[in-house]
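Novice: Numbering (this note's numbering), first residue to last: 2 to 285.
Yeah, the Cβ is synthetic: ideal placement off N, Cα and C, and Gly gets one too.
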Ligand code: NAP
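This is the structure:
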């Protein structure tokens, strides 16, 4: 069984992107991502640390706009509007979910599509679902689903004609991922909490992608011999990180390949964010 680790994928992407960052710097452009964070959730801080490290390793920049929990809707919206206007900012990421009573939908809708590097607004989402771009709208997919594709490409997994089951239908991971897989000519089945006999549907897959947000949901009963598995889930159980797939399957099931948690898809996500930001800087 092969382990599809994220680190080599992220490293290869970062190396290619460093060349593009250097070329931009020679033209006087420093690719810069603005991160808007409200409060100090540990998840947000940890993701912020990871992406700052990734950007710095490629010579790109991150500007954090840290706002207090008391920030008003108007102040937050004004922050996004002013980042839209700033020429030296190429990408904007607003950490979600926003604390109540802030209205995340209104904030996400304000992000300029040209700077919407994690597909938070409807314009880029349209492109992902339609499978085509629009003039002046780059159509950046959300970073996590795109990270799954980067990982599969790196390990040479050809999706054409493959039966792929995606467990999860969230707007940020499962649904857009299913669309990206469809564009690569996979035959895609999407599962959710009302799916009947989840193990049987999973067993029909050549490739199983699990993004259900339920620790150890997928066990040996969900896997046919020779299947490949991408585990997008991230959980902390008793201080240990684990995914949506029970790690025991690596011993009990006869798999072709699996992504580890930690060290799988999560490691690639920040590299995709860098890729979209560099692309936005090149277009600017
Ligand atoms: P989410 O919004 O909670 O969505 C979970 C989806 O899974 C829902 O569509 C839900 O179905 C489905 N689901 C839940 N339990 C199920 C079950 N028992 N059987 C079948 N389907 C089930 O989660 P998310 O934001 O998409 O995130 C999913 C996971 O990915 C989380 O663990 C998250 O931490 C992780 N994540 C990882 C990264 C990364 O970079 N690696 C990035 C983002 C998220 P219903 O629609 O019917 O409720």
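(1) If you draw a straight line from the alpha carbon of residue 67 to that of residue 80, how long is it in whole angstroms?
(2) Rank 64, 166 and 99 by C-alpha distance to the C-alpha of residue 77 and give the top, closest one.
(3) Go to residue 232, then tell me how far its beta strand (DSSP E) extends in each direction, as first and last residue.
(4) With C-beta atoms as the reference, is residue 168 less than 8 Å away from residue 203?
(5) Among 217, 194, 250 and 102, which one has its Cα closest to the Cα of residue 237?
(6) Say the cut is 7 Å; is the CB of residue 171 nearer than that to a heavy atom of the ligand NAP?
(7) Is residue 199 near the ligand NAP, with its Cβ less than 7 Å from a heavy atom?
(8) Three or more beta-carbon pairs under 8 Å between the region 269-285 and the region 27-36, yes or no?
(9) Under 8 Å between the Cβ atoms of residue 59 and residue 15?
(10) Can you round the beta-carbon distance between residue 284 and residue 69 to whole angstroms, since I take them to be within the 8 Å contact cut?
(11) Given this structure, state the Cα-to-Cα distance separating residue 214 from residue 243, to the nearest angstrom.
(12) Just to check, is the beta-carbon of residue 91 closer than 7 Å to a non-hydrogen atom of the ligand NAP?
Specialist: Based on what the coordinates show:
(1) Indexing the chain shown from 1 puts residue 67 at position 66. Indexing the chain shown from 1 puts residue 80 at position 79. If you take the alpha carbons of residue 67 and residue 80, they lie about 11 Å apart.
(2) As a position in the chain shown, residue 77 is number 76, starting the count at 1. Distance check between residue 77 and each of 64, 166 and 99 places 99 closest, using alpha-carbon atoms only.
(3) In the chain shown, the residue the question calls residue 232 occupies position 231. Here the beta strand (DSSP E) through residue 232 covers 229-232.
(4) Locating residue 168 in the chain shown gives position 167, where the first residue counts as 1. Locating residue 203 in the chain shown gives position 202, where the first residue counts as 1. In terms of Cβ geometry, residue 168 and residue 203 form a close pair [threshold 8 Å].
(5) Here residue 237 refers to the residue found at position 236 when the chain shown is read from its first residue. Comparing Cα-Cα distances from residue 237 to each of 217, 194, 250 and 102, the minimum goes to 217.
(6) In the chain shown, residue 171 corresponds to position 170, counting from 1. Under cutoff, so the answer is yes.
(7) On the chain shown, residue 199 is found 198 positions in, with the first residue counted as 1. Annotation for residue 199 indicates a beta carbon within 7 Å of some heavy atom of the ligand NAP.
(8) A contact exists between the region 269-285 and the region 27-36.
(9) Translated into the one-based positions of the chain shown, residue 59 becomes position 58. Translated into the one-based positions of the chain shown, residue 15 becomes position 14. Yes, the pair counts as a contact, with Cβ atoms nearer than the cut-off.
(10) Position 283 of the chain shown, counted from the start, is the residue given in the question as residue 284. Position 68 of the chain shown, counted from the start, is the residue given in the question as residue 69. The beta-carbon separation of residue 284 and residue 69, rounded to 33 Å, does not stay under the 8 Å limit for a contact.
(11) Counting from 1 along the chain shown, the entry for residue 214 is found at position 213. Counting from 1 along the chain shown, the entry for residue 243 is found at position 242. Taking the straight line from one Cα to the other gives about 11 Å.
(12) Here residue 91 corresponds to residue number 90 of the chain shown, with the count starting at 1. Because no heavy atom of the ligand NAP lies under 7 Å away, the Cβ of residue 91 does not count as near it: no.
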